[in-house]
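In this note's numbering, the protein residues as written are 119 to 358.
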């Protein structure tokens, strides 16, 4: 087992250098007088190619624009840095981070140590991720429970966690969302023949994960409220 290192989990990612190669935003001036041109040394032009080569030989320590600090050699520290970088922009599941570490050829023991530590302190929380995913994707995209569960499985979330997360949506809320989706789609389907219109509306709901029975029931109701003859709809849709 790789030795657990004593690093603070919430350590800040080092700030990048300034645009001109100087210190980054976290630098604090000592308050002393600015050096004169003579004290500052020769200009970039006078240094020429030799100075540029020497700066590169320093391994980027001069803080050149766009350069990253060198990655640590210890695999645990490397795994920690990778995970922190990935978690900076968006939450991720444990499986997503594990795949990223494997792609970067982090040894399994080091990856497991870091992932377990991040779970212990709450930086990785698949349950919270799944709940937020369900709420966001249902309200923004109108996805049903079946589609949401499929998306979470592709992200490596455990089946029991998925069931609990999608269980936040009950059948009544799911049907209400399906009706709102159909109502928004109705106007764009006007002018189409009946069969094509029915296929387009029901197909839209099916792609979002709604069961066939629910989809047909919602479409039929929307068309009846719009003025379609129920007897004619009986020829195309079952009486649900």
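Positions of the beta carbon are idealized from the N, C-alpha and C atoms, including for glycine. Note that the structure is a prediction, hence the values are computed from the model and not measured.
Got a sec: does the ligand NAP put a non-hydrogen atom nearer than 6 Å to the Cβ of residue i?
i, result
"residue 220", "Absence of the ligand NAP from the depicted structure is noted, as is the absence of any ligand whatsoever, leaving it without description."
Could you say which of the options lies nearest to residue i if we only look at CA atoms?
i, options, result
"residue 296", "201, 330 and 310", "330"
"residue 233", "251, 205 and 343", "205"
"residue 230", "216, 313 and 270", "216"
"residue 262", "293, 244, 236 and 276", "293"
"residue 283", "307, 259 and 253", "253"
"residue 302", "341, 285, 220 and 266", "341"
"residue 249", "196, 307, 223 and 278", "278"
"residue 255", "243, 287, 224 and 236", "287"
"residue 193", "207, 203, 224 and 209", "224"
"residue 289", "332, 195, 196 and 197", "332"
Around the Cβ of residue i, are there at least 16 other Cβ atoms within 10 angstroms (buried) or fewer (exposed)?
i, result
"residue 345", "exposed"
"residue 191", "exposed"
"residue 310", "exposed"
"residue 239", "exposed"
"residue 246", "exposed"
"residue 338", "buried"
Suppose the cutoff is 7 Å on Cβ atoms and the five residues either side in sequence are ignored; what does the same chain contact list for residue i look like?
i, result
"residue 273", "211, 213 and 214"
"residue 218", "200 and 204"
Can you tell me where the alpha helix (DSSP H) with residue i in it begins and where it stops?
i, result
"residue 327", "Note, residue 327: premise wrong, no alpha helix (DSSP H); not H, not E."
"residue 222", "Run containing residue 222: none; DSSP gives neither H nor E here."
"residue 345", "Here residue 345 belongs to no alpha helix (DSSP H), and DSSP marks it neither H nor E."
Grab me the residues of residue i's own chain with a C-beta within less than 6 Å of its C-beta, minus the 5 sequence neighbours each way, in chain order.
i, result
"residue 336", "296, 297 and 300"
"residue 275", "211, 244 and 248"
- Query: What residue ranges within the stretch 235–285 form continuous alpha helix (DSSP H) runs of no fewer than 4 residues, ordered along the chain?
  - Reply: As for any alpha helix (DSSP H) of minimum length 4 sitting wholly inside the stretch 235–285, the runs are 244–259, 263–272 and 277–284, ordered along the chain.
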